[in-house]
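Taking it in order: structure first as structure tokens, then the write-up.
Residue numbers (my numbering): 5 to 112.
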């Protein structure tokens with residue numbers, strides 16, 4: 005009788021450990037996160053929304069590993085590339101192909 009392992013997500017880990025005391029690693033990671041957010045915010049502070057540096061980034065979708073072919077994330081990326089090609093554009097991914105879930109850096 006084999007044991008089936010369920011893949012954990014970060015939300016699972018948060019829910020499992022919500023009563024866990026914060027340790028020094030947690031505090032260090034929070035501080036690192038704040039420093040990184042501050043560096044990004046200061047780097048783009050003078051730019052208008054249309055001038056954001058990542059707007060011109062593009063990515064190429066490679067063939068997935070055999071065990072990833074049916075992964076819903078890869079399928080969604082492939083659908084975006086196929087749509088570009090059907091419209092006569094290059095099959096490249098850009099930030100416009102993604103929907104932000106939450107805007108970061110709004111007065112933390």
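Just so you know, even glycine gets a beta-carbon here, dropped at the ideal spot from N, CA and C.
Inter-residue Cα distance where the pair is residue i and residue j
i, j, result
"residue 68", "residue 95", "16 Å"
"residue 33", "residue 70", "35 Å"
"residue 37", "residue 76", "29 Å"
"residue 87", "residue 52", "29 Å"
"residue 30", "residue 47", "26 Å"
"residue 90", "residue 80", "15 Å"
"residue 62", "residue 99", "8 Å"
"residue 93", "residue 74", "25 Å"
"residue 101", "residue 66", "16 Å"
"residue 49", "residue 78", "33 Å"
"residue 40", "residue 108", "12 Å"
"residue 42", "residue 35", "11 Å"
"residue 72", "residue 103", "22 Å"
"residue 28", "residue 64", "39 Å"
Limits of the alpha helix (DSSP H) - the one that residue i falls within
i, result
"residue 67", "No alpha helix (DSSP H) contains residue 67, which DSSP labels as neither H nor E."
"residue 48", "28-48"
"residue 88", "76-90"
Residue i and residue j closer than 8 Å at C-beta
i, j, result
"residue 105", "residue 84", "no"
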